[in-house]
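K.L.:
Positions -19 to -1, 1 to 171 (mature numbering (1 follows the signal peptide of the UniProt record, and there is no 0)) are the ones given, in order, by the sequence shown.
Ideal Cβ positions, reconstructed from N, Cα and C, are used throughout, including at glycine.
Predicted model only: the values in this text are computed from it and were never measured.
Would you mind keeping the following structure in view while I ask a few things?
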Amino acid sequence: MKAFFILCGVSLLSTSVFAQISALGECRNISNVNARVACYDAMVDSQQPGDSSQTTPVITSVPALVQEIPATGISPSSASSGTTRVRPEVSPETRVRLFGATEEVTREFIEEDIGVIQLDYIEAVVEDVSSAAYNRLIVRLDNGHTWQQTDSRSLRIREGDQIIVRSGRMGAFFLEKASGSRSIRVKRVL
């Protein structure tokens, strides 16, 4: 008799799990970002443990939920202008592929799969040079970047100098004069 009740309970639980998984799949297929988020929120809200006297709604039809939410009119051009941030969707297989990957593999993925070209260096003109603690330089560039020295090497930089900031291994950046070969290690602060 116990086995019968356990079997009935498991079968009832499995049908609700399959309904949740199908609703999750339907939410993923929604192209409008705000509608997709609202769909996920509604699904999570329906699963929150709460007061037993309250009845929680069960999502039966995701398209009906989407029709209730007005479109926001976010266009790809406004998303690229910096007003709205859109994260590219990354599949679980891709996340597994990138886990523990070397910098070259990660860079290749970013350039080929997502379509973002990573820069190896930038060139700019120094607008202002100031000194921080331990005589470390703070360099403000004409492109709006501000870089702070992180090592103790010396490099004479003046206002108006043409400089190059290049990326190194493991997230390091190096600032050097365009006319010289010495460099200092820097981090971007603004």
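Where does S61 sit, in a helix, a strand or coil, going by DSSP?
P.N.:
Your numbering for residue 61 matches position 80 in the sequence shown. Caution is warranted here: a pLDDT of 40 is assigned to S61, below 50, making its placement in the model unreliable, and the coordinate value is therefore given only provisionally. Of the three classes helix, strand and coil, the one that applies to S61 here is helix, per DSSP.
K.L.:
Do K168 and F131 come within 8 angstroms of each other at the CB atom, strictly closer than that value?
P.N.:
Counting from one through the sequence shown, the residue named residue 131 turns up at place 150. Counting from one through the sequence shown, the residue named residue 168 turns up at place 187. Before going on, a small fix: residue 131 reads as Thr here, not Phe. It is a contact, given that the beta carbons lie within the stated cut-off.
K.L.:
For the alpha helix (DSSP H) containing E89, list its first residue and its last residue.
P.N.:
Numbered from its first residue, the sequence shown carries residue 89 at position 108. 84 to 90 is the span of the alpha helix (DSSP H), which, as asked, contains E89.
K.L.:
Starting from S27, trace the alpha helix (DSSP H) in both directions and tell me its first and last residue.
P.N.:
To locate residue 27, count along the sequence shown from 1; it is residue 46. It spans 14 to 28 - the alpha helix (DSSP H) in which S27 sits, taken as one unbroken run.
K.L.:
Taking its Cβ as the centre, do 16 or more other Cβ atoms sit within 10 Å of S112, making it buried, or is it exposed?
P.N.:
To locate residue 112, count along the sequence shown from 1; it is residue 131. Label assigned to S112: exposed.
K.L.:
Where Y102 and F154 are concerned, what is the direct C-alpha to C-alpha distance, given to the nearest angstrom?
P.N.:
As a first step, residue 102 is located in the sequence shown; it is residue number 121 there, counting from the start. As a first step, residue 154 is located in the sequence shown; it is residue number 173 there, counting from the start. Y102 and F154 have their C-alpha atoms some 9 angstroms from each other.
K.L.:
Could you check which residue in R121, E104, R134 has the C-alpha nearest to that of Y115?
P.N.:
Along the sequence shown, read from residue 1 onward, the residue named residue 115 stands at position 134. Y115 has its Cα closest to that of R134, out of R121, E104, R134.
K.L.:
Would you list the one or two residues that DSSP bridges to A105?
P.N.:
As a position in the sequence shown, residue 105 is number 124, starting the count at 1. Partner(s): I144.
K.L.:
To the nearest angstrom, how far is it from the Cα of L156 to the Cα of I91?
P.N.:
Here residue 156 is taken as the residue at index 175 of the sequence shown, counted from 1. Here residue 91 is taken as the residue at index 110 of the sequence shown, counted from 1. Rounded to whole angstroms, L156 to I91 spans 24 angstroms at the Cα level.
K.L.:
Is the beta carbon of A105 less than 8 angstroms from the beta carbon of I144?
P.N.:
Position 124 of the sequence shown, counted from the start, is the residue given in the question as residue 105. Position 163 of the sequence shown, counted from the start, is the residue given in the question as residue 144. Taking 8 angstroms as the Cβ cut-off, A105 and I144 qualify as a contacting pair.
K.L.:
Can you give me the C-alpha to C-alpha distance between D22 and I95, rounded to a whole angstrom?
P.N.:
Residue numbering aside, residue 22 sits at position 41 when the sequence shown is read from its first letter. Residue numbering aside, residue 95 sits at position 114 when the sequence shown is read from its first letter. Approximately 27 angstroms, taken between the alpha carbons.
K.L.:
Which residue or residues does DSSP assign as beta-bridge partners of L122?
P.N.:
The residue given as residue 122 occupies position 141 in the sequence shown. Per DSSP, V107.
K.L.:
Going along the chain, which residues of its own chain have a beta-carbon closer than 6 angstroms to the beta-carbon of V18, five neighbours each way excluded?
P.N.:
Stepping through the sequence shown from its first residue, residue 18 is reached at position 37. Cβ neighbours of V18 beyond the five flanking positions: none.
K.L.:
Can you tell me the Cβ-Cβ gap for R139 and V110, rounded? I've got them flagged as a contact below 8 angstroms.
P.N.:
Position 158 of the sequence shown, counted from the start, is the residue given in the question as residue 139. Position 129 of the sequence shown, counted from the start, is the residue given in the question as residue 110. With a Cβ gap of about 7 angstroms, R139 and V110 count as contacting.
K.L.:
Whose CA, out of L171, I(-14), V25, L5, lies closest to the CA of G125?
P.N.:
Taking the sequence shown and counting its residues from 1, the one referred to as residue 125 is at position 144. Per the Cα distances, L171.
K.L.:
Taking 6 angstroms as the limit between beta carbons, can you name the residues of its chain near P51, skipping five residues before and five after?
P.N.:
Within the sequence shown, the letter at position 70 stands for residue 51. At P51 the pLDDT is 44, less than 50, meaning the model places this residue with poor confidence; the figure from the coordinates comes in the next sentence. Answer for P51: no residue qualifies.
K.L.:
Please classify A159: is it buried, with 16 or more other beta-carbons within 10 angstroms of its beta-carbon, or exposed?
P.N.:
The residue labelled residue 159 in the question sits at position 178 within the sequence shown. It counts as exposed.
K.L.:
Could you tell me which residues DSSP puts in a beta bridge with R166?
P.N.:
Walking along the sequence shown from the start, residue 166 turns up at place 185. In the DSSP output, where bridge partners are listed per residue, R166 has F155.
K.L.:
In or out: V107 buried (at least 16 other Cβ within 10 Å) or exposed?
P.N.:
Working through the sequence shown from its first residue, we reach residue 107 at position 126. By the 10 Å Cβ count, V107 comes out buried.
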